[in-house]
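For reference, the structure is listed below as structure tokens.
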Amino acid sequence: MELLHLRVLREVARRGSISAAADALDYTQPAVSRQLAMLERQTGQPLVERTPRGARLTVAGEALLRHAEEILARVDAADAEMQAIATMRGGQVRVSAFPSTVGSFVPSGLRAFGDRYPDVCVKFELAEPAPGLDLLRQGQLDVAVTSLGASPGPPPGFRATRLIDDPLYCALPPDHPLADLDEVPIAALAGEPLVLGSPRTCPDCDVMQQACEAEGFVPNRAYLADDYGASLGLVAAGLAVAMIPELALRALRNDVVIRPLEQRIVRRIVAMTAETAADSKVNDAMVTALSDAAAAYAATEQARAAAEA
1 MELLHLRVLR EVARRGSISA AADALDYTQP AVSRQLAMLE RQTGQPLVER
51 TPRGARLTVA GEALLRHAEE ILARVDAADA EMQAIATMRG GQVRVSAFPS
101 TVGSFVPSGL RAFGDRYPDV CVKFELAEPA PGLDLLRQGQ LDVAVTSLGA
151 SPGPPPGFRA TRLIDDPLYC ALPPDHPLAD LDEVPIAALA GEPLVLGSPR
201 TCPDCDVMQQ ACEAEGFVPN RAYLADDYGA SLGLVAAGLA VAMIPELALR
251 ALRNDVVIRP LEQRIVRRIV AMTAETAADS KVNDAMVTAL SDAAAAYAAT
301 EQARAAAEA
């Protein structure tokens with residue numbers, strides 16, 4: 001059965017005549033009669049009875065109409081929902097981000113998106129970079145704010161939109177000899193006990209590992225910690241040295257000394273989406289909101305640093 005046949009049957013029942021149904025559907029009367037005849041052949045039942053005053057449904061027609069009303073209501077609802085999503089008046093977008101971005105620019109991006117598209121439901125989940133990418137890969141997320149690590153680009157099947165470059169700093173115990181330097185050469189960290197994250201969950205670890213190897217040494221991974229707050233705690237206790245991204249230094253403790261690295265190293269923070277969703281307007285709108293928020297945050301921080309210089 002075709003949806004058109006069911007719509008014709010419904011209009012005949014509503015209007016009480018074939019001619020009135022034809023007018024409502026903007027068809028000719030013979031066209032409506034042909035649609036009814038085709039439907040009757042498909043069902044093998046007479047569905048409409050002609051009367052002197054018009055037309056009425058037979059018992060079989062009434063039975064089919066009950067199903068037709070339900071089918072057409074579902075189809076109309078589906079069409080309305082698709083239209084709402086296409087025009088950003090409905091639907092949802094699932095987003096993840098990791099703690100240091102949530103402590104800086106991500107909330108502003110989420111708020112801007114919500115102000116612009118109040119009818120789109122935003123579902124947010126806190127997830128570290130690697131787990132966030134896994135959720136995206138499994139289809140449980142639409143946009144993941146993550147880090148590229150040492151990779152030149154996103155994994156196959158994904159698109160990455162640059163949000164912000166987050167420079168790394170050296171965190172030192174106050175009484176460490178390197179704390180007296182204005183900038184710490186990466187080569188000076190050779191042999192130092194370092195706090196590094198797990199390569200399985202923290203792409204930043206790859207960036208740090210690559211930076212050390214470029215200076216001719218393998219980092220001494222004395223402590224394993226994916227949480228930068230924990231890393232700073234180990235540094236404050238005088239147990240180790242750490243390389244910490246700038247975004248993770250917003251809640252800085254007074255028992256740790258922070259120095260720039262002599263060689264600029266950054267972690268590249270991106271918004272990752274699946275290539276299969278390349279035409280998704282809602283995903284693109286969320287990525288744009290996050291990108292704008294990251295740019296505004298970077299500009300504010302740059303102005304603040306200039307004022308303090």
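The opening residue of the sequence shown carries number 1 in full-length UniProt numbering; numbering runs sequentially from there. We put the CB at the ideal spot given by N, CA and C, even for glycine.
Below 8 angstroms between beta carbons: does that hold for residue 167 and residue 259?
Not in contact: residue 167 and residue 259 (Cβ atoms no closer than 8 angstroms).
My guess is that residue 287 and residue 271 are in contact by the Cβ rule of under 8 angstroms, so how many angstroms apart are they, rounded?
5 angstroms
Counted within 10 angstroms of its Cβ, other Cβ atoms place residue 153 as buried (16 or more) or exposed:
Residue 153 comes out exposed.
Around the Cβ of residue 121, are there at least 16 other Cβ atoms within 10 angstroms (buried) or fewer (exposed)?
Exposed.
Can you name the residues that DSSP bridges to residue 51?
54
Bridge-paired residues (DSSP) for residue 8
DSSP lists no partner for residue 8.
Beta-carbon contacts of residue 297 that lie in its chain and below 6 angstroms, excluding the five residues immediately before and after
104 and 105
Using the Cα positions of residue 100 and residue 229, report the straight-line distance between them to the nearest angstrom.
A straight-line Cα-Cα distance of about 10 angstroms links residue 100 and residue 229.
What separation, rounded to the nearest whole angstrom, lies between the Cα atoms of residue 256 and residue 277?
44 angstroms
Assuming residue 198 and residue 144 make a contact with CB atoms under 8 angstroms, what is their CB distance in whole Å?
That belief does not hold up - the Cβ atoms of residue 198 and residue 144 are roughly 18 angstroms apart, past 8 angstroms.
Go to residue 166, then tell me how far its beta strand (DSSP E) extends in each direction, as first and last residue.
158-172
Who does residue 267 pair with in a DSSP beta bridge?
166
Residue 200, enclosing beta strand (DSSP E) - first and last residue
Note, residue 200: premise wrong, no beta strand (DSSP E); not H, not E.
For residue 260, report the span of its beta strand (DSSP E) as first-last.
257-260
Excluding the five sequence neighbours on either side, which residues of its own chain have a C-beta within less than 6 angstroms of the C-beta of residue 54, listed in chain order?
16 and 17
What is the DSSP secondary structure of residue 192, reduced to helix, strand or coil?
coil
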